[in-house]
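Asks:
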Amino acid sequence: MKAKKSIVSSIFLSVLIHAVLLSGIAGIKVTAEHSQEVREKKKKSFDVKAIQKDVVIKKPVRRKEIVYVDSLKFEQPGFTKAINKMVEDEQTVKKEDDVAEKKQDIDLVNKLKSQAIDELKENEKNKVEFRKKAQRDTAEDIISDEELDVEQMIADQKDFLKQEDIPKDFYEKMPGFTPERSTGLAGLQKGDFLSSLIQGHSPVIKRAASIEDIRKELVWSYSTYQDPEDGQKYFKISIGATRSNVSLVKIPKEIVFLIDCSISIEQDRLEEFKKGISYCLKHLNEEDRFNIMAFKEVTTKFKSSSVNPTEQNIEDALDFVGNLRAGEKTDTYNALFESINVRDAMTPSYIFLLSDGRPTKGVVNSRKVINKISQLNKGKISIFAFSGGLRVNRYLLDFISYKNRGWAQYANRGQYIGQNLASMYEKIKEPLLIGLRYYVNGLDQEEIFPKLLPDFFRNVEFTLYGKYEEEKEFSLQLLGEAYDEHSEFIINGMLQDAKKGDRVIARNWAFNKIYHLIGELSDEGDNTAIIAEIKALSDKFGIQTPYSNSIIK
Numbered sequence: 001m002k003a004k005k006s007i008v009s010s011i012f013l014s015v016l017i018h019a020v021l022l023s024g025i026a027g028i029k030v031t032a033e034h035s036q037e038v039r040e041k042k043k044k045s046f047d048v049k050a051i052q053k054d055v056v057i058k059k060p061v062r063r064k065e066i067v068y069v070d071s072l073k074f075e076q077p078g079f080t081k082a083i084n085k086m087v088e089d090e091q092t093v094k095k096e097d098d099v100a101e102k103k104q105d106i107d108l109v110n111k112l113k114s115q116a117i118d119e120l121k122e123n124e125k126n127k128v129e130f131r132k133k134a135q136r137d138t139a140e141d142i143i144s145d146e147e148l149d150v151e152q153m154i155a156d157q158k159d160f161l162k163q164e165d166i167p168k169d170f171y172e173k174m175p176g177f178t179p180e181r182s183t184g185l186a187g188l189q190k191g192d193f194l195s196s197l198i199q200g201h202s203p204v205i206k207r208a209a210s211i212e213d214i215r216k217e218l219v220w221s222y223s224t225y226q227d228p229e230d231g232q233k234y235f236k237i238s239i240g241a242t243r244s245n246v247s248l249v250k251i252p253k254e255i256v257f258l259i260d261c262s263i264s265i266e267q268d269r270l271e272e273f274k275k276g277i278s279y280c281l282k283h284l285n286e287e288d289r290f291n292i293m294a295f296k297e298v299t300t301k302f303k304s305s306s307v308n309p310t311e312q313n314i315e316d317a318l319d320f321v322g323n324l325r326a327g328e329k330t331d332t333y334n335a336l337f338e339s340i341n342v343r344d345a346m347t348p349s350y351i352f353l354l355s356d357g358r359p360t361k362g363v364v365n366s367r368k369v370i371n372k373i374s375q376l377n378k379g380k381i382s383i384f385a386f387s388g389g390l391r392v393n394r395y396l397l398d399f400i401s402y403k404n405r406g407w408a409q410y411a412n413r414g415q416y417i418g419q420n421l422a423s424m425y426e427k428i429k430e431p432l433l434i435g436l437r438y439y440v441n442g443l444d445q446e447e448i449f450p451k452l453l454p455d456f457f458r459n460v461e462f463t464l465y466g467k468y469e470e471e472k473e474f475s476l477q478l479l480g481e482a483y484d485e486h487s488e489f490i491i492n493g494m495l496q497d498a499k500k501g502d503r504v505i506a507r508n509w510a511f512n513k514i515y516h517l518i519g520e521l522s523d524e525g526d527n528t529a530i531i532a533e534i535k536a537l538s539d540k541f542g543i544q545t546p547y548s549n550s551i552i553k
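Residue numbers (this note's numbering): 1 to 553.
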């Protein structure tokens, strides 16, 4: 009986609870607006995910890579194989540093930071003066154009850049690596070559698919040297534009000034950078585009993308540069990555890196910075490096530019940084041929350096160095893209007719080959053979580079 009552009570209680719940639900009014809001939230959530997905998979529009075409037929067997080897992609960077290497990098960072702090303390008086300069509220001219006599700004080879671990007999630049500024007709020696060229007794320069007189566009000279000890023969070929060149029109360029504002730069060196940049901004060509990126631990842009050099843009740029202050660590790799990772880069596009080459954050191993950036860039954007003053990591600056179709240049003293920076800009101010490359017949392609050339500029000459066995006829094919057409020049000459040079030719060839070999060093793997060859060349020609001690053990 009790069991029956308990069952009846349970059933009654269950029915009562369900009745209450059903009546409550019936009282809730679900409006159309509410359901629409729910649907909108779901839709928005889905859209966000879709957008994020697009960002990940969408690849930036990149400038078309240079395609090297063997359009000149040569008789030398195996030449095609040599050309293919010359234009292979850079070796890929494999693994990250191991634990020991990371510890070494951390120790280096701490050492650099300590050195930078010591220098700042020693220069307290100068720091106070620079703080006063930095307090200006307007973008007044940092330096007047009259102060920069560009013709007198060229750093002499005998100017010594003081730096730790650099031997005192190492000069300001590597011969053949930093090109000479052309002051008239490139490659001419005391004007003798000009008269012979006009009279038609010089080696011939022909332009493919054109009857136009190439003597009004390019001139060249060549000389040879034979080592009296081992009998090895060397040659040098220099090519430049004539001052009166009118058929090769300057090509509009894009230039990005990438400025290191970290603590190791210090305010005095940064102020000198500002002077040089002021000159560069005021002397941009009307058709050019420019931008400025300042980096420390993070990178700050003047504009989101490059702009035309209008009067207002130049004024704003000077104000942006004038407000830069030195401080914090240096993430050089990230700054370089951001500068090459652009969607709308012009052709040609140049990066002007102003730095001491001493990264202290992110990727701090110089060789990794060089190899990773070179692999990603693939020579699409030329990188030019500039620095001056004390404690400069020339290894990073030299080879980030060398492997990216540019060159590095230095001021021999801190107070000349602004002037020498302006001088370097004048060299690249007017590009005439871009994507420059060459092929040869009758010479050993493997022993000609440099392998990868910068663009061809009106105000500089470029030089090739090589070795040869027989004094016979040779041909050199020079290809590049001009303002509105594909340009192709062919140089024919007889080595037996070349002017006799001296040992400098052989030594400069060795300098260039050493640069090439150092650039071939990989992050990992066996570099024994390459290092042995570098050491042999250094010993034979008495060459000591700023980084020999860290590379050749």
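Don't be surprised by glycine CBs; every beta carbon is placed ideally from N, CA and C.
Can you tell me whether I255 is helix, strand or coil according to DSSP?
Replies: I255 falls in the strand class under three-state DSSP.
Asks: State the DSSP-derived secondary structure class of F449, mapped to helix, strand or coil.
Replies: If DSSP states are grouped into helix, strand and coil, F449 belongs with the strands.
Asks: Spatial neighbours of S538 within its chain, please: CB distance less than 6 Å, with the 5 preceding and 5 following residues excluded, ordered by chain position.
Replies: Nothing listed; no residue qualifies.
Asks: As a quick exercise: from R358, A529, K236, pick the residue whose alpha carbon is nearest that of F386.
Replies: Of the candidates R358, A529, K236, the one whose C-alpha sits nearest the C-alpha of F386 is R358.
Asks: Taking Cβ to Cβ, would you say F292 is nearer than 8 Å to F320?
Replies: For the record, residue 292 in the displayed sequence is Ile; it is not Phe. In this structure, F320 lies closer than 8 Å to I292 by Cβ.
Asks: Out of L436, V504, A482, point me to the one whose CA is closest to Y465's CA.
Replies: Cα-wise, what sits closest to Y465 is V504.
Asks: Alpha carbons only, please: which of V298, T463, K329, K236 is nearest the one belonging to P454?
Replies: Comparing Cα positions, the closest option is T463.
Asks: Let's test the definition: count the other Cβ atoms within 10 Å of the Cβ of V298 and tell me whether it reaches 16, buried, or not, exposed.
Replies: Exposed, since its Cβ has fewer than 16 Cβ neighbours within 10 Å.
Asks: How long is the line joining the alpha carbons of E315 and R325, rounded to whole angstroms?
Replies: Taking the straight line from one Cα to the other gives about 19 Å.
Asks: Any idea what DSSP makes of H516, helix, strand or coil?
Replies: In this structure, H516 counts as helix in the three-state DSSP scheme.
Asks: So is E311 buried or exposed if we call it buried at 16+ other beta carbons inside 10 Å?
Replies: It is exposed - the Cβ of E311 has fewer than 16 other Cβ atoms within 10 Å.
Asks: Report buried or exposed for A411, applying the criterion of at least 16 other Cβ atoms within 10 angstroms of its Cβ.
Replies: Label assigned to A411: buried.
Asks: What distance in whole Å lies between the Cβ atoms of F399 and G519, which are believed to be in contact at a cut-off of 8 Å?
Replies: Their Cβ separation, rounded to whole angstroms, is 6 Å, which keeps G519 and F399 in contact under 8 Å.
Asks: Would a C-beta distance cut-off of 8 Å place Q232 and K378 closer than the cut-off?
Replies: Contact: no.
Asks: Alpha carbon to alpha carbon, what distance is there between Y425 and D523?
Replies: One C-alpha to the other measures close to 32 Å.
Asks: If we ignore side chains and look at the alpha-carbon of each, how far apart do L270 and S374 end up?
Replies: Taking the straight line joining both Cα atoms gives about 26 Å.
Asks: Compute the distance between the beta-carbons of F474 and N512, then report whether it is under 8 Å.
Replies: Not a contact, by the Cβ cut-off of 8 Å.
Asks: To the nearest angstrom, report how far apart V342 and E446 are at their CA atoms.
Replies: Whole-angstrom Cα-Cα distance: 34 Å.
Asks: Would you kindly check if the distance between the Cβ of N459 and the Cβ of K429 is under 8 Å?
Replies: It is a contact, given that the beta carbons lie within the stated cut-off.
Asks: What residue from F302, S238, H516 has the CA that sits closest to R405's CA?
Replies: With distances taken between Cα atoms, R405 lies closest to H516.
Asks: In its own chain, which residues sit with a C-beta less than 7 Å from the C-beta of R289, not counting the 5 before and 5 after it?
Replies: Around R289: E254, S306, V307, N308, M346.
Asks: Do three or more CB pairs link the stretch 259 to 266 to the stretch 218 to 235 at distances below 8 Å?
Replies: Cβ pair count under 8 Å is below three, so no.
Asks: Output the distance between the C-alpha atoms of V219 and L248, rounded to the nearest integer angstrom.
Replies: Whole-angstrom Cα-Cα distance: 13 Å.
Asks: Among the candidates F489, Y483, Q409, S304, whose CA atom is the shortest distance from the CA of I251?
Replies: I251 has its Cα closest to that of Y483, out of F489, Y483, Q409, S304.
Asks: Specify, as a first and last residue, the run of the beta strand (DSSP E) that F295 falls within.
Replies: That run of the beta strand (DSSP E) goes 289 to 295.
Asks: Spell out the partners DSSP gives E554 in its beta bridges.
Replies: Absent from the model: residue 554. The displayed extent of the chain is 1 to 553, so no value can be given.
Asks: If you check the beta carbons only, do E272 and G362 fall under 8 Å apart?
Replies: Not a contact, by the Cβ cut-off of 8 Å.
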